[in-house]
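S.K.: In our numbering, the protein residues as written are 2 to 206. Take this structure first; my questions come after.
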């Protein structure tokens, strides 16, 4: 099936605007970014943006959604289903960490979902979809943990452990990106390996 030239042109224009929005968000953050500054960065008028995006929040949400899709692929790729459950969990954990460790902007995008310091106005429906996209990655941890669960209520235990692991990952990322690991004499990867070793030890009891 041949894609109409008009559709290809629109997709290219959309991508160019998102790339411009990325540069502006990196520089100014969502709160200080404006449609005018994004249009200027993209080399177009604001009137050319509105048929494609309802506003800067819409662009931010699109970028975050794309980021979460890439995160899911990075985590899923490292958690091979045929692997030992603990190896699969370890792979998923470092898939998550390495994805975000590679770029601070991706972490900044994710902070909308990760914490209370959130930009406002993405909309309830969009928030639901974005949270569901994040949970796709976290549920890979949960699936691995269920395979490891030593108790009858495996799913309940796995959810609690998943949430604890998520908090540890966020802490490790913040320490890594701010350079604070050096001040406490450790590395983010060491923190994660220590958690995983502790989990393994607890499971043996």
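C-beta: ideal position from N, C-alpha, C; glycine also. Since this is a predicted model, take the numbers as computed values, not measurements.
1) Whole angstroms is fine: what's the gap from residue 61's alpha carbon to residue 18's?
2) I need the straight-line Cα distance from residue 159 to residue 114, nearest angstrom please.
3) Look at the alpha carbon of residue 169 and the alpha carbon of residue 82, and state the distance between them as a whole number of angstroms.
4) Compute the distance between the beta-carbons of residue 210 and residue 165, then report whether it is under 9 Å.
5) Got a sec, what are the start and stop residues for the alpha helix (DSSP H) residue 90 sits in?
6) Give the range of the alpha helix (DSSP H) segment to which residue 160 is assigned.
7) Using the three-state DSSP reduction, which class does residue 206 fall into: helix, strand or coil?
8) Please classify residue 195: does DSSP put it in a helix, a strand, or coil?
9) Go through its chain and collect everything with a Cβ distance to residue 202's Cβ below 8 Å, but skip five positions before and after it.
10) Ignore the nearest five residues each way along the sequence and tell me which others in residue 196's own chain have a CB closer than 6 Å to its CB.
11) When we look at the beta-carbon of residue 79 and count the other beta-carbons within 10 Å, is it buried (16 or more) or exposed?
12) Is residue 51 helix, strand or coil by DSSP?
13) Give the C-beta separation of residue 66 and residue 131 to the nearest angstrom, bearing in mind that I take them to be a contact with Cβ-Cβ under 8 Å.
14) Given that a residue counts as buried once 16 or more other Cβ atoms are within 10 Å of its Cβ, and exposed if not, what is residue 143?
15) Helix, strand or coil: how does DSSP classify residue 34 here?
16) From the DSSP output, in three-state form, read off residue 186 for me.
17) Would you mind sorting residue 141 into buried or exposed? The rule is 16 or more other CB atoms within 10 Å of its CB.
18) Does DSSP put residue 46 in a helix, a strand or coil?
19) Could you tell me the distance, in whole angstroms, from the CA atom of residue 36 to the CA atom of residue 74?
M.R.: This is what the structure gives:
1) Within the model, the alpha-carbon separation for residue 61 versus residue 18 is close to 11 Å.
2) Near 21 Å, if we compare the C-alpha coordinates of residue 114 and residue 159.
3) Straight-line Cα distance between these residues: approximately 23 Å.
4) Nothing can be reported for residue 210: it is not among the residues displayed for the chain, which extend from 2 to 206.
5) Segment 86-102, the alpha helix (DSSP H) holding residue 90.
6) Taken as a continuous stretch (DSSP letters only), the alpha helix (DSSP H) holding residue 160 covers 155-179.
7) Here residue 206 sits in coil by DSSP.
8) Three-state result, residue 195: helix.
9) Counting only Cβ-Cβ distances below 8 Å, and skipping sequence neighbours, we find nothing.
10) By the criterion of a C-beta distance shorter than 6 Å, residue 196 is surrounded in its chain by 169, once the five residues flanking it on both sides are discounted.
11) The residue in question, residue 79, is buried, as its Cβ has 16 or more Cβ neighbours within 10 Å.
12) In the three-state DSSP reduction, residue 51 falls in the coil class, being neither helix nor strand.
13) Correct: roughly 6 Å between the Cβ atoms.
14) Counting every other CB atom within 10 Å of its CB across the protein chains shown gives residue 143 a total of 16 or more, marking it as buried.
15) In the structure shown, residue 34 sits in coil (DSSP, three-state: anything other than H, G, I, E or B).
16) Of the three classes helix, strand and coil, the one that applies to residue 186 here is coil, per DSSP.
17) Burial call: buried.
18) Taken through DSSP and simplified to helix, strand or coil, residue 46 comes out as coil.
19) Each residue's alpha carbon lies about 31 Å from the other.
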